[in-house]
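To keep things clear, I will list the structure first and then write my remarks on it.
Residue numbers (UniProt numbering): 1 to 410.
This is the structure:
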């Protein structure tokens with residue numbers, strides 16, 4: 001014996017679910033940092049959908065213009081706000097004019113087929129068509145711009161299921177031999193699936209969106225904990241992790257590792273004379289110039305105020321010194337617009353094998369860097385791990401560039 005289904009109860013469950021999800025969304029919006037965008041629009045959309053559901057539930061006690069027209073119009077507004085939330089979440093332009101025009105057109109159609117020329121199926125086709133557009137647009141955004149992660153696919157699958165239900169309901173409302181139903185709560189297979197889906201829509205889609213937002217937050221926090229906020233380079237912590245990975249790989253293949261420790265000369269004088277904003281521009285200019293002077297994918301990190309580190313794998317001391325000279329000359333020969341001339345000193349630490357900690361490399365490179373500063377700046381000094389006395393510069397490179405050709409004013 002088939003179990004009787006009360007669609008009013010189903011609708012009530014859907015309305016309560018939407019209200020609870022609105023509370024959850026507002027809580028998430030208040031708790032998440034502001035760089036996770038779109039949560040506010042999604043929470044507001046859920047609140048509007050809750051009001052819309054209440055108006056539709058009270059159709060027996062309210063005039064039709066308030067219940068049918070107002071409730072369905074707010075339904076469109078709520079789903080439009082969800083789409084705004086997805087657009088903001090993925091950093092896409094808000095097509096608010098187009099979407100608002102679609103909401104107005106859908107609301108006008110609902111008003112016409114509710115008050116002027118009552119036709120339930122035409123009204124149903126109108127609203128499901130607009131909802132299909134909203135769901136389809138969200139699905140495109142999620143698939144095109146979402147992270148390739150389980151959370152994204154969960155949200156995408158939920159959107160696909162809801163889009164299919166709404167689209168099928170729209171098509172069946174337009175069929176010539178459509179089912180003769182004139183009431184929202186007519187117990188037909190299509191109507192049961194159509195209304196029952198809303199009981200899960202708010203729950204599944206909201207959970208999917210929160211999962212995607214949580215994944216985004218985790219990724220952002222991991223990146224921010226590993227990236228220097230000014231230069232966008234690795235910070236010291238992330239650089240240490242990269243060194244451990246490359247050290248293990250180099251140990252398996254027996255390749256040496258070299259560390260370049262770079263310090264901008266008289267950087268305090270630049271800050272004192274030109275201001276810290278210009279000093280920041282100098283740091284950014286160095287990052288661009290140094291990145292262009294080293295091989296692609298070479299780890300480059302900011303480990304202090306004006307101190308940077310470069311990690312080289314599989315190079316001997318002569319090659320490491322040549323790479324350091326390439327960085328020094330790139331800085332010496334390039335000055336960006338509005339940036340005062342500046343130079344850098346570099347200490348190079350090398351090891352014959354990969355079995356050397358980052359602290360040991362840093363200690364030796366720092367000794368070599370100190371020697372470069374002591375000898376007049378704008379030069380490169382090298383030292384082997386186990387030796388604190390810097391090695392002499394190779395004769396071929398000793399006369400490559402004049403020392404400290406363009407010093408900034410003190």
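We put the CB at the ideal spot given by N, CA and C, even for glycine. Note that the coordinates shown come from a computational prediction; the quantities given were computed from them, not determined experimentally.
Alpha carbon to alpha carbon, how far is residue i from residue j?
i, j, result
"residue 204", "residue 121", "27 Å"
"residue 296", "residue 173", "59 Å"
"residue 277", "residue 256", "39 Å"
"residue 79", "residue 279", "48 Å"
"residue 374", "residue 300", "25 Å"
"residue 363", "residue 372", "14 Å"
"residue 137", "residue 275", "48 Å"
"residue 216", "residue 61", "44 Å"
"residue 50", "residue 298", "53 Å"
"residue 46", "residue 230", "38 Å"
"residue 145", "residue 221", "19 Å"
"residue 377", "residue 241", "30 Å"
"residue 209", "residue 123", "29 Å"
"residue 379", "residue 322", "12 Å"
"residue 318", "residue 340", "31 Å"
"residue 41", "residue 134", "14 Å"
"residue 168", "residue 157", "17 Å"
"residue 8", "residue 30", "33 Å"
"residue 154", "residue 211", "9 Å"
"residue 308", "residue 332", "16 Å"
"residue 243", "residue 85", "40 Å"
"residue 160", "residue 132", "10 Å"
"residue 12", "residue 170", "23 Å"
"residue 252", "residue 245", "11 Å"
"residue 96", "residue 265", "51 Å"
"residue 207", "residue 175", "34 Å"
Going by DSSP, name the residue or residues bridged to residue i.
i, result
"residue 11", "Residue 11 pairs with nothing; no bridge assigned."
"residue 302", "308"
"residue 172", "Looking at the DSSP assignment, residue 172 forms no beta bridge with any residue, so it has no partner."
"residue 313", "257"
"residue 227", "234"
In terms of residue numbering, what span does the beta strand (DSSP E) encompassing residue i cover?
i, result
"residue 263", "257-264"
"residue 345", "344-351"
Ends of the alpha helix (DSSP H) at residue i?
i, result
"residue 110", "96-111"
"residue 383", "Here residue 383 belongs to no alpha helix (DSSP H); instead the beta strand (DSSP E) covers 380-384."
"residue 243", "236-253"
"residue 82", "71-89"
"residue 61", "It is not in any alpha helix (DSSP H) - residue 61 carries neither H nor E in the DSSP assignment."
"residue 126", "120-145"
"residue 288", "276-293"
"residue 68", "Neither: residue 68 is in no alpha helix (DSSP H) and is coded neither H nor E."
"residue 364", "358-374"
For residue i, collect the residues of the same chain with a Cβ closer than 6 Å to its Cβ; drop the 5 residues on either side in sequence, then sort them by chain order.
i, result
"residue 320", "258, 312, 348 and 350"
"residue 26", "43"
"residue 68", "114"
"residue 356", "385"
"residue 83", "134, 137 and 138"
"residue 98", "none"
Among the residues of its own chain, which have a CB less than 7 Å from the CB of residue i, if the five just before and after it don't count?
i, result
"residue 368", "347, 348, 349, 381, 382, 383 and 390"
"residue 197", "162 and 165"
"residue 48", "74, 77, 78 and 81"
"residue 19", "50"
"residue 284", "231"
"residue 324", "260, 346, 348 and 380"
"residue 22", "43, 46, 47 and 50"
Counting only the same chain and skipping the five closest in sequence on each side, list residues whose C-beta sits under 8 Å from that of residue i.
i, result
"residue 126", "106, 109, 110 and 113"
"residue 213", "28, 32, 36, 38, 39 and 89"
"residue 103", "73, 76, 77, 80 and 130"
"residue 388", "Here residue 388 scores only 47 on pLDDT, less than 50, and its place in the model should not be relied on; the value that follows carries that caveat. Result list for residue 388: 364 and 367, in chain order."
"residue 219", "147"
"residue 267", "279, 282, 305, 306 and 342"
"residue 227", "233, 234, 235 and 238"
For the segment 200-216 against the segment 261-279, are there 3 or more C-beta pairs whose distance is under 8 Å? no
Is the segment 65-78 in contact with the segment 31-39, if contact means three or more CB pairs nearer than 8 Å? no
At least three beta-carbon pairs within less than 8 Å, the segment 86-95 to the segment 129-144: yes
Three CB pairs or more closer than 8 Å across the segment 48-58 and the segment 223-237: no
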